[in-house]
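Colleague: Following this message is one structure expressed as structure tokens.
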Amino acid sequence: MEHKVKSVFTGEKLDAIIFGHSHFSQNKVIDGILFFNPGKASQSFGILTVEEDIKGEIISSTS
């Protein structure tokens with residue numbers, strides 16, 4: 066999925082792609098781009114920290 070989404074932005078300089086709807090959490094960097102999906106709204110939420118770089122954190126709300 067990451068490569069399909071990334072292909073939409075060919076030629077653009079991206080730091081992050083934030084998405085949802087798949088209900089599967091994801092927080093990983095591929096080719097210097099953060100792919101971030103906090104997952105199901107009822108079970109988790111995400112925090113993005115933007116400074117010199119961008120970092121994602123997924124917090125489980127079921128614990």
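Here the sequence shown stands for residues 66 to 128, numbered as in the working numbering. Where a beta carbon is used, it is the ideal one built from N, C-alpha and C, also for glycine. Just so we're clear, the structure is a prediction, and the values are computed from it rather than from any experiment.
1. What span of residues does the alpha helix (DSSP H) with Lys71 cover, start to end?
2. Who are the near neighbours of Lys105 in its chain, counting only those whose CB is closer than 7 Å to its CB and skipping five residues on each side?
3. Relative to the alpha-carbon of Ala81, which residue among Ser109, Thr114, Ser107 has its alpha-carbon at the smallest distance?
4. Just mark Ser90 as buried or exposed, buried being the case when its beta carbon has 16 or more other beta carbons within 10 Å.
5. To the nearest angstrom, how far is the alpha carbon of Gly111 from that of Asn102?
Modeller: This is what the structure holds:
1. 67-73
2. Excluding sequence neighbours, Lys105 sits near His88.
3. Thr114
4. Classification for Ser90: buried.
5. 8 Å
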